[in-house]
Amino acid sequence: MTDDQGRFHFEGLAGTTYTVEVSLTGFETESAKAAPGQQVKIVLPVAPVRESVIVTATRTEAPTSQLGASTSVIPESEIRDRQAVFVSDLLQSVPGATVVRSGGLGALTSAFIRGGNSDYNKVLLDGIPLNEPGGFFNFSNFTVENLERVEVVRGPQSALFGSDAMTSVIQLFTRRGQAETRRPHFSLSAEGGKYSTWRARSSLTGQARALDYALDWSRVSTDNQDPNGFFHDTSLSGNFGLSFGERTTLRLVLRGELSLAGTPGQTAFGPPDRDGIFRRRDGFGAFTLRNRTASFWEQRVTYTLTKSRQVSRDLGTDPPFTPTFDGHTGAFQFFDFASDFLNDTRRHHLSYQSDWRAGTFGRPFGQHGFTFAFDWDREIGFLGDRFSSDLPTRPQRDNFGWTFQHNVLWQRLFLTSSARIEDNGSFGTTVVPRSSLAYLLRQGGGTLGTTKLKFNFGLGVKEPSFVESFSPSPFFLGNSLLQRIVFQYRARQSQGL
21 MTDDQGRFHF EGLAGTTYTV EVSLTGFETE SAKAAPGQQV KIVLPVAPVR ESVIVTATRT
81 EAPTSQLGAS TSVIPESEIR DRQAVFVSDL LQSVPGATVV RSGGLGALTS AFIRGGNSDY
141 NKVLLDGIPL NEPGGFFNFS NFTVENLERV EVVRGPQSAL FGSDAMTSVI QLFTRRGQAE
201 TRRPHFSLSA EGGKYSTWRA RSSLTGQARA LDYALDWSRV STDNQDPNGF FHDTSLSGNF
261 GLSFGERTTL RLVLRGELSL AGTPGQTAFG PPDRDGIFRR RDGFGAFTLR NRTASFWEQR
321 VTYTLTKSRQ VSRDLGTDPP FTPTFDGHTG AFQFFDFASD FLNDTRRHHL SYQSDWRAGT
381 FGRPFGQHGF TFAFDWDREI GFLGDRFSSD LPTRPQRDNF GWTFQHNVLW QRLFLTSSAR
441 IEDNGSFGTT VVPRSSLAYL LRQGGGTLGT TKLKFNFGLG VKEPSFVESF SPSPFFLGNS
501 LLQRIVFQYR ARQSQGL
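Numbering (this note's numbering), first residue to last: 21 to 517.
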């Protein structure tokens with residue numbers, strides 16, 4: 021409809037006045053009145069950068085202007101506009117983040133933030149810890165369906181979230197039914213492409229009096245380009261909220277990811293492995309009771325359960341081969357061995373949090389806020405090769421954490437300090453501090469926008485994986501006292517334009 025000069029022409033319109041509305045991502049939406057035969061020019065100004073409210077940086081809602089930590093927020097509108105399929109696709113645009121996928125869709129996918137290892141990131145879904153014991157999280161099958169936004173806080177955050185928050189915290193928030201969707205809203209979509217790739221999705225959202233709900237189902241399937249490179253994933257998600265008056269809410273979040281992928285292995289030196297598969301079944305659930313006890317005091321209790329069952333199976337039926345590459349031939353043959361590894365883990369998580377806003381004690385003293393939180397985790401595992409005669413490993417670990425945080429807000433200066441006592445079933449007890457400061461050097465306006473100075477430092481700790489702690493193998497004997505610590509400080513200037 022657009023000519024080479026960017027003009028639109030509408031023909032056959034009745035003799036009346038019309039409203040023309042033009043919108044484009046990154047620009048303000050503009051509209052104008054127009055009559056038939058009238059030429060209208062609409063200029064879209066660049067949309068200003070609007071301030072976001074983020075939860076993950078302080079475990080409470082706080083505007084980004086009051087934070088000294090480095091944060092990124094990916095809202096639902098951006099998720100929709102980018103047409104991403106997996107969360108890993110969204111993380112590629114986060115500053116300081118590198119996302120690596122070891123093959124086609126469904127292959128092992130890891131996130132490296134600020135140069136840290138892939139097991140240095142705490143990953144949460146509405147407060148549900150998703151990491152495997154030891155910190156690693158495979159993003160290969162986690163889709164964006166039913167997500168409202170993604171928050172990323174860079175830097176050590178163990179003072180708030182305990183073990184594994186070494187270089188970042190990545191928190192995913194499930195969509196909720198809103199008041200404007202009191203009538204049930206249903207959507208259905210499907211798309212497809214080459215390599216037998218297709219994707220289908222359906223969702224239902226709405227609100228009925230005190231109950232809000234958002235449900236979603238999706239299916240992604242592809243054969244990929246390599247032999248035995250197929251990937252099938254089914255995602256189910258639900259978010260249900262029930263309000264008891266204006267002060268108390270009960271929320272239930274459920275999500276399941278069921279995937280099956282072929283594992284062809286390397287194909288540069290020899291034929292693909294045609295009988296290897298990786299099956300993964302993840303289930304997450306959370307109950308949260310939230311109560312605003314007074315205008316200045318809010319409490320919440322959360323119980324979550326995470327279950328992950330991962331099977332790596334190779335029947336060992338592929339014939340032996342001699343590797344070749346660039347005209348060179350290997351000195352001996354390689355053989356395919358049968359294996360059936362099972363990694364079955366569960367995590368029970370119980371959390372209590374109390375937020376108290378003390379109000380203002382006069383301009384020189386600022387506005388104060390306090391947060392206390394207690395977290396308990398029980399990690400249970402079952403690890404073994406079902407084709408082996410060795411007995412499986414059945415590890416279990418209990419972790420406790422006590423967090424205290426103090427916020428002070430002045431007109432231009434914002435200070436947040438927190439500390440946590442982390443009692444880990446593997447490495448024992450340690451104290452983890454964190455502090456951040458933000459100072460508005462210059463308010464927005466004129467040619468230059470807001471100028472803000474930021475400073476933050478923190479300590480991060482990470483527990484060992486079950487294999488590192490409990491492995492009975494004489495070739496890799498477990499050590500329950502292993503602990504990793506990272507200290508990081510950062511100062512920078514943020515300049516708006």
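Glycine included, C-beta positions come from ideal geometry on N, C-alpha and C.
Start and end of the beta strand (DSSP E) containing residue i?
i, result
"Phe-390", "387-405"
"Ser-171", "The question names Ser, but residue 171 is Glu in the sequence shown. Looking at the DSSP string, the run of the beta strand (DSSP E) that includes Glu-171 is 167-174."
"Arg-454", "448-462"
"Leu-433", "433-444"
"Ala-220", "217-228"
"Ala-511", "504-515"
"Ala-77", "Segment: none, Ala-77 is in no beta strand (DSSP E) and carries neither H nor E."
"Phe-181", "Premise fails: Phe-181 lies in the alpha helix (DSSP H), 178-181, not in any beta strand (DSSP E)."
"Leu-257", "The sequence given here places Ser at residue 257; Leu does not occur at that position. Ser-257 -> beta strand (DSSP E) spans 251-264."
Suppose the cutoff is 7 Å on Cβ atoms and the five residues either side in sequence are ignored; what does the same chain contact list for residue i look like?
i, result
"Ala-230", "Leu-262 and Ser-263"
"Ala-288", "Phe-345"
"Ser-92", "Val-114, Pro-115 and Val-172"
"Arg-169", "Val-93, Ile-94, Pro-95, Glu-96 and Phe-193"
Can a CB atom of chain C be found closer than 9 Å to the CB of residue i?
i, result
"Thr-80", "You won't find chain C in this structure, because it holds only one protein chain."
According to DSSP, simplified to helix, strand and coil, what is residue i?
i, result
"Leu-497", "coil"
"Gln-86", "helix"
"Glu-483", "coil"
"Ser-130", "strand"
"Val-524", "Only positions 21 to 517 of the chain appear in the structure, and residue 524 is not among them; the question remains open."
"Phe-355", "coil"
"Asp-418", "strand"
"Glu-603", "Any answer about residue 603 is impossible in this case: the structure gives the chain only from 21 up to 517."
"Leu-231", "strand"
"Leu-150", "coil"
"Glu-41", "strand"
"Glu-48", "coil"
"Phe-289", "coil"
"Asp-334", "strand"
"Val-107", "helix"
"Ser-371", "strand"
In whole angstroms, what is the alpha-carbon distance linking residue i and residue j?
i, j, result
"Trp-237", "Phe-341", "43 Å"
"Arg-277", "Glu-165", "Just to set this straight, residue 277 is Glu in the shown sequence, not Arg. Each residue's Cα considered, the two are about 11 Å apart."
"Gly-226", "Gly-197", "5 Å"
"Gly-182", "Thr-129", "24 Å"
"Thr-118", "Ser-138", "10 Å"
"Gln-330", "Tyr-38", "58 Å"
"Arg-398", "Leu-309", "20 Å"
"Tyr-459", "Thr-470", "11 Å"
"Phe-251", "Ile-99", "22 Å"
"Val-8", "Asn-141", "The structure shown has nothing for residue 8, since the chain only spans 21 to 517."
"Ser-456", "Thr-76", "14 Å"
"Arg-121", "Ala-511", "32 Å"
"Thr-269", "Tyr-233", "13 Å"
"Asp-360", "Gly-336", "10 Å"
"Gly-124", "Asp-246", "8 Å"
"Trp-396", "Phe-407", "35 Å"
"Arg-219", "Leu-362", "29 Å"
"Val-105", "Thr-242", "13 Å"
"Pro-339", "Gln-286", "15 Å"
"Leu-167", "Ser-178", "25 Å"
"Asn-476", "Asp-101", "33 Å"
"Glu-81", "Gln-508", "24 Å"
Determine which residues share a DSSP beta bridge with residue i and list them.
i, result
"Tyr-140", "According to DSSP, Tyr-140 bridges with nothing at all."
"Trp-376", "Trp-317 and Phe-390"
"Thr-365", "Ser-328 and Gly-401"
"Phe-211", "Note that residue 211 is Glu in the sequence shown, not Phe. Looking at the DSSP assignment, Glu-211 forms a beta bridge with Arg-219."
"Asp-302", "Glu-277 and Ser-328"
"Val-93", "Glu-171"
"Asn-427", "Gly-389 and Thr-436"
"Gly-311", "According to the sequence as given, residue 311 is Asn; it is not Gly. Asn-311 is bridged to Thr-268 and Gln-319."
Would you give the residue range spanned by the alpha helix (DSSP H) that residue i belongs to?
i, result
"Glu-98", "96-102"
"Leu-64", "Neither: Leu-64 is in no alpha helix (DSSP H) and is coded neither H nor E."
"Leu-192", "Not the alpha helix (DSSP H): Leu-192 falls in the beta strand (DSSP E), residues 188-194."
CB-CB under 6 Å to residue i, same chain, minus the five flanking residues each way: which ones, in chain order?
i, result
"Arg-312", "Arg-267 and Glu-318"
"Leu-111", "Ala-117, Val-119 and Ala-131"
"Arg-239", "Ala-220 and Thr-254"
"Gly-421", "Gly-182, Asp-395, Arg-440 and Glu-442"
"Arg-462", "Thr-471"
"Arg-366", "Lys-327 and Ile-400"
Between residue i and the ligand FMN, is there a pair consisting of the residue's CB and a ligand heavy atom that are separated by less than 8 Å?
i, result
"Phe-264", "This structure simply doesn't include the ligand FMN, nor any ligand for that matter."
Could you pull out every residue in the same chain whose Cβ sits closer than 8 Å to the Cβ of residue i, ignoring the five residues on either side in sequence?
i, result
"Arg-203", "Gly-226"
"Asp-293", "Asn-248, Thr-283, Pro-284, Gly-285, Asp-334, Asp-338 and Asp-356"
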